[in-house]
Amino acid sequence: MELSQWNLGAAPDSGVPRFPPQRPQRQQQQHFSSLDDKPQFPGASAEFIDKLEFMQPNVISGIPIYRVMDRQGQIINPNEDPHLPQEKVLKFYKSMTLLNTMDRILYESQRQGRISFYMTNYGEEGTHVGSAAALDNTDLVFGQYREAGPSEGPGLMVAAGHSTQGCLGPGTTVNTRPCFWAAAEDIRARRADVSGLPLEQFMNQCYGNVNDLGKGRQMPVHYGCKERHFVTISLHWPHRFLRRVVSILGALLLLTTLSLPTAVGAAYAAKRANANRIVICYFGEGAASEGDAHAGFNFAATLECPIIFFCRNNGYAISTPTSEQYRGDGIAARGPGYGILSIRVDGNDVFAVYNATKEARRRAVAENQPFLIEAMTYRIGHHSTSDDSSAYRSVDEVNYWDKQDHPISRLRHYMQSRGWWDDEQEKAWRKQSRKKVMEAFEQAERKLKPSPSLLFSDVYQEMPAQLRKQQESLARHLQTYGEHYPLDHFEK
């Protein structure tokens, strides 16, 4: 269903979605009158009724799904066509397929015991690239753990030949367009020296080697890029006692919502500083069931923060299907209750995601208000390398989305119908991208791990006595029992 069919309206021939023009207003000073029998309650704007009636959830029809292309890659409504140039569409496609190639190689490497953990992005590539392409280089991105695309750098990747020093390491702020977008373009105009590219930093982080800017302290896929304004994904462990019993999956559930209230705070700070930028916060529908999500939504609305809440509704919160997560109409339906303008889009349609994010960003900057985008998609891969999804979903279900409604296939159909892509180009690009990923992979694998002494740095400006004592204790232990550890794999 087109956006204009749901009373959201599309500006004539604009090719971009239009959210409702009105916005929630601040509560105005009320003028009380004993002659006025209208409701005067400050908590809601409503009318009196004289019939007892509870609102039934099923009375309200479901929010429709905005899309631009059908599954065959054909534009449905010409007015919604973003009319992107061939070069940019090719960049979309190469970013999505490069991410897909990296996923396959790193997933296989974990199965071989070469890295400890990984999470793929299979089937959700359209949500990454479409949203990242609509951002500005100054926007701040808070990712979850399945946003390798946006971590490639907002506006969609670093330009060819640009340095990535400071990317994908610990830090909080700076230049966001997803890094994969840049990496795909950089492969074409590549220098002989491959060091410093985002692709290499992805590999360094997953290996936790000496060139990992996080110094090997975080588990794989917890990327960050200060220069690209991609806030480092953080995994906060609970109380010390719980650390001994909490599983990796439980910890991942915890991190899903930690960024929501934090992102709102960053957006509020940007508003107060008149920074003319927005914050985008990615999360899954499972994270929306956590308390931090509701707190974040409400603070963003009441403080009028320039933020986009981008929910990837991929059908499963680890192994929990949406039917067990909520009874209402998904996540987008929650927005109006908080006073947030909301939209539901086809997450497998990269143009629909791009249009919605671009318009939401424009208005968030201009009007200082939050937006909620629910991108409907499907997680084709397992939740992580610690998960076996065959225990809770059928092979036929997965195959349907992989073969019949994949975002990469849809965009490829679009390009082929315009003569922009063919089988020979596909074959050459797949070969080229795999070669580059493997080069970065092999380089990262050969590098040493960071020195164990770095465990104690970057915590306090001046190391306290207790921590220094622990550092000295570790040094003595390794001096005495070093032969029992693979110290030759670590930097001295």
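Counting from 1 along the sequence shown, just add 139 to a position and that's the residue number in this note's numbering. We put the beta carbon where it would ideally sit given N, CA and C, even for glycine.
*So F449 and A514 are in contact, right, with Cβ under 8 Å, and what is the actual spacing, rounded?*
Position 310 of the sequence shown, counting from 1, holds the residue named residue 449. Position 375 of the sequence shown, counting from 1, holds the residue named residue 514. Correct: roughly 7 Å between the Cβ atoms.
*asked:* Can you find the residues in the same chain that come closer than 6 Å, C-beta to C-beta, to Q249, ignoring five residues on each side of it along the sequence?
replied: Here the question's residue 249 lines up with position 110 in the sequence shown. Cβ within range, chain order: Y257 and T524.
_Where F187 sits in the DSSP three-state scheme_ = Your numbering for residue 187 matches position 48 in the sequence shown. Correct three-state label for F187: coil.
*State yes or no: is the C-beta of T516 within less than 9 Å of the C-beta of R451?*
Position 377 of the sequence shown, counted from the start, is the residue given in the question as residue 516. Position 312 of the sequence shown, counted from the start, is the residue given in the question as residue 451. Judged by beta-carbon spacing, R451 lies within the 9 Å limit of T516, meaning their Cβ atoms are closer than that value.
*Kindly confirm or deny that the region 593-604 and the region 262-277 touch, where touching means at least three C-beta pairs closer than 8 Å.*
Judged by Cβ distances under 8 Å, the region 593-604 makes no contact with the region 262-277, as fewer than three pairs qualify.
_Using a Cβ distance threshold of 8 Å, determine whether the region 207-221 contacts the region 488-495, with at least three qualifying pairs required._
Yes: the two stretches touch, three or more of their Cβ pairs being nearer than 8 Å.
*Tell me whether the beta-carbon of S528 lies closer than 9 Å to the beta-carbon of Y477.*
Your numbering for residue 528 matches position 389 in the sequence shown. Your numbering for residue 477 matches position 338 in the sequence shown. The criterion of a C-beta distance shorter than 9 Å is not satisfied by S528 and Y477.
*Look at S590 and E630 and say whether their C-beta atoms are less than 9 Å apart.*
On the sequence shown, position 451 is the one that residue 590 refers to. On the sequence shown, position 491 is the one that residue 630 refers to. Yes, Cβ-Cβ distance for S590 and E630 is below 9 Å.
*Can you tell me which of the three DSSP states V484 falls into?*
Residue numbering aside, residue 484 sits at position 345 when the sequence shown is read from its first letter. Strand at V484.
*Can you give the Cα-Cα distance for R551 and S612, rounded to whole angstroms?*
Position 412 of the sequence shown, counted from the first residue, corresponds to residue 551. Position 473 of the sequence shown, counted from the first residue, corresponds to residue 612. Pairing R551 with S612, the inter-Cα distance amounts to about 58 Å.
_Rounded to the nearest angstrom, what separates T461 and A427 at their Cα positions?_
The residue labelled residue 461 in the question sits at position 322 within the sequence shown. The residue labelled residue 427 in the question sits at position 288 within the sequence shown. Rounded to the nearest angstrom, the two C-alpha atoms are 11 Å apart.
*DSSP state of G520 mapped onto helix, strand, coil*: Residue 520 sits at position 381 when you count from the first residue of the sequence shown. Look at G520 here: in three-state DSSP terms it is coil, with no helix or strand label.
_Own chain partners of P151 with C-beta closer than 6 Å, once the 5 adjacent residues on each side are dropped_ = Along the sequence shown, read from residue 1 onward, the residue named residue 151 stands at position 12. Only weak support exists for where P151 lies, its pLDDT of 41 falling under 50; the coordinates are left without a value.
*In this structure, does DSSP put V598 in helix, strand or coil?*
The residue you call residue 598 lines up with position 459 of the sequence shown. When secondary structure is reduced to three states using DSSP, V598 falls in the coil class, being assigned neither helix nor strand.
*In whole angstroms, what separates the C-alpha of N487 from that of L606?*
Along the sequence shown, one-based indexing puts residue 487 at 348. Along the sequence shown, one-based indexing puts residue 606 at 467. Cα-Cα distance, rounded: 49 Å.
*Report all residues from its chain with a CB closer than 6 Å to the CB of S481; omit the five preceding and five following residues, and keep chain order.*
As a first step, residue 481 must be located in the sequence shown, where it is residue number 342. Same-chain partners within the cutoff: A471, G474 and L511.
*asked:* So, for D431: in the same chain, excluding its five sequence neighbours on each side, which residues have a beta-carbon less than 8 Å away from its beta-carbon?
replied: The residue you call residue 431 lines up with position 292 of the sequence shown. These residues qualify, in order along the chain: T396, L397, L399 and P400.
_Am I right that L279 and V370 are in contact with their C-beta atoms under 8 Å? What's the rounded C-beta distance?_
Position 140 of the sequence shown, counting from 1, holds the residue named residue 279. Position 231 of the sequence shown, counting from 1, holds the residue named residue 370. Contact annotation, L279 with V370: C-beta distance approximately 7 Å; criterion of less than 8 Å satisfied.
_Beta-carbon proximity list for L388, same chain, < 8 Å, skipping 5 on both sides_ = By 1-based counting over the sequence shown, the position of residue 388 is 249. In this prediction, L388 scores a pLDDT of 45, lower than 50, which makes its location untrustworthy; the coordinate-derived value is nonetheless stated afterwards. Same-chain partners within the cutoff: I457, H522, S523, S525 and D526.
*Put I511 into one of helix, strand or coil per three-state DSSP.*
As a working mapping, residue 511 is identified with position 372 in the sequence shown. The residue asked about is misnamed: residue 511 is Leu in this sequence, not Ile. The DSSP-derived three-state label of L511 is strand.
*State the CB to CB distance for the pair S255 and M358, rounded to an integer number of angstroms; the pair is presumed to be in contact (CB under 8 Å).*
The sequence position of residue 255 within the sequence shown is 116, counting from 1. The sequence position of residue 358 within the sequence shown is 219, counting from 1. Their Cβ separation, rounded to whole angstroms, is 7 Å, which keeps S255 and M358 in contact under 8 Å.
*C420 - containing beta strand (DSSP E), residue span*: One-based indexing of the sequence shown puts residue 420 at position 281. Counted as a single uninterrupted DSSP element, the beta strand (DSSP E) harbouring C420 occupies residues V418 to G423.
*Per DSSP, the bridge partner or partners of L279*: Translated into the one-based positions of the sequence shown, residue 279 becomes position 140. Looking at the DSSP output, L279 bridges to V418.
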